[in-house]
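A short write-up of the structure that comes next.
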Amino acid sequence: MRVGFIGLGSQGAPMARRIIDAGFATTLWARRPDSLVPFADTTADTAGSPAELAAASHLVCLCVVNDDDVEQVVTGPDGVLSGLRAGGVIAVHSTVHPDTCRDLAAKAQAAGVHLLDAPVSGGGPAAERGTLLVMAGGDPQVFARSRPVFAAYGDPVVHLGPIGSGQIAKLLNNVLFAAQLGLAADILGLGEKLGLAPDGLVGVLPRGSAASFALERVADAGGTLDRIGAHAGSLLAKDVRLFAEIAETAGVADGLDAEQVCAVARSALVAMGL
């Protein structure tokens, strides 16, 4: 399978490198030529446009930032859809609204190609290790055909259902993560008010039954959300907003569970200054 990869950021770049190292013939495209420089020592080819990349690929993986970026790369002038041959596959690894993927899947189908939504979780370090969580939605047979590429950077790689299922799972993951960040920071702050040294509590809680990835991140950041907010706050805010929209559309926004999760997640974002 020939693979095209677009989106060579802090997470996409190590994903692309693992595809190359796994032996797949790979073509890269980037808006910024500087993003291609680290791949000069690899076997990867480069393309002059998304359409040119797609024409050389069976599977095109996208790891760009937001909905507008995905739509532009797929359907814009010289976009992926104008170059991908019938039977080709587009995998959206970006975290976007499920409806964006559903709409693009319909356009892809009209062009004789397939689209999977396959957002990932774990960040650059997990991509480098090949341990990203890949959450996929779409045709099961298309997923099975694409899975060997996903396995180059993902473990586990999970198929969750029809188009949009992967995005819903990823948004739930990120809303829960944001809520846990807020709770972890609140607990560390409460401990200090009760007379516990912050360093001591940070050394204890991550080793007990309260341990979590979010708690570890807050502890590593010195017990506050300032550093996390500067690094990932805007993306978490986007995902909490998307989740709230989806919950409202599905008629569950007024449910106690959705209200509570969103409230805690939003309080964490406020603490980050967002």
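Numbering-wise (the working numbering), the sequence shown opens with residue 227 and increments by one.
Cβ atoms here follow ideal geometry from the backbone N, Cα and C, with glycine treated the same way.
In the DSSP assignment, find the unbroken alpha helix (DSSP H) run with residue i in it and report its ends.
| i | result |
| --- | --- |
| L288 | Careful: L288 lies outside any alpha helix (DSSP H), inside the beta strand (DSSP E) at L285 to L288. |
| T475 | D452 to T475 |
| P240 | G238 to D247 |
| L427 | P424 to V430 |
| A411 | S391 to K419 |
| A281 | P276 to A281 |
| R433 | Looking at the DSSP string, R433 is not in any alpha helix (DSSP H), and its letter there is neither H nor E. |
| T510 | This structure cannot speak to residue 510, because the chain is shown only from 227 to 500. |
When the Cα atoms are used, what is the spatial distance from residue i to residue j?
| i | j | result |
| --- | --- | --- |
| V229 | R243 | 12 Å |
| G356 | F376 | 9 Å |
| A362 | G348 | 15 Å |
| E354 | A239 | 9 Å |
| R226 | A437 | Residue coverage of the chain in this structure runs from 227 to 500, which leaves residue 226 outside it and unanswerable. |
| V574 | S320 | The displayed coordinates of the chain run from 227 to 500. Any statement about residue 574 would go beyond what the structure contains. |
| P324 | V430 | 39 Å |
| A404 | G459 | 9 Å |
| Q367 | T253 | 24 Å |
| Q298 | G305 | 7 Å |
| V339 | A447 | 44 Å |
| A331 | S372 | 16 Å |
| G309 | G426 | 58 Å |
| G313 | L279 | 15 Å |
| Q335 | C488 | 35 Å |
| T269 | C287 | 17 Å |
| A395 | A476 | 15 Å |
| L364 | D247 | Note that residue 364 is Gly in the sequence shown, not Leu. Each residue's Cα considered, the two are about 27 Å apart. |
| I389 | L342 | 7 Å |
| T450 | A273 | 43 Å |
| V296 | A410 | 33 Å |
| A281 | L307 | 9 Å |
| F250 | A378 | 10 Å |
Under the rule that 16 or more other beta-carbon atoms within 10 Å means buried, what is residue i, buried or exposed?
| i | result |
| --- | --- |
| R311 | exposed |
| M498 | buried |
| M513 | Not covered by the structure: residue 513. The range shown for the chain is 227 to 500. |
| Q486 | exposed |
| S236 | exposed |
| V315 | buried |
| T326 | buried |
| R258 | exposed |
| G392 | buried |
| G455 | buried |
| A423 | exposed |
| P276 | buried |
| V496 | exposed |
Considering residue i, what are the terminal residues of the beta strand (DSSP E) in which it resides?
| i | result |
| --- | --- |
| L359 | L358 to G363 |
| L342 | H340 to D343 |
| V306 | Here V306 belongs to no beta strand (DSSP E), and DSSP marks it neither H nor E. |
| V318 | V315 to V318 |
Have a look at the DSSP bridge pairing and note the partners of residue i.
| i | result |
| --- | --- |
| F518 | Within the shown structure, residues of the chain are numbered from 227 to 500, placing residue 518 beyond reach of any answer. |
| D271 | T253 |
| H385 | A362 |
| S501 | The chain is shown from 227 up to 500; residue 501 falls before or after that span and cannot be answered. |
| G380 | L358 |
| S261 | Per DSSP, none; premise fails for S261. |
| V444 | Answer by DSSP bridge pairing: none, since V444 is not bridged. |
| V346 | V360 |
Report task. Spell out a yes or no on whether the stretch 458 to 472 and the stretch 378 to 385 are touching, meaning 3 or more CB-CB pairs, one atom from each, closer than 8 Å. Result -> No, they do not touch.
Requested in this report: Assess, as a yes-or-no matter, whether the stretch 424 to 439 is touched by the stretch 276 to 293 under the definition of 3 or more beta carbon pairs within less than 8 Å.
Outcome: no
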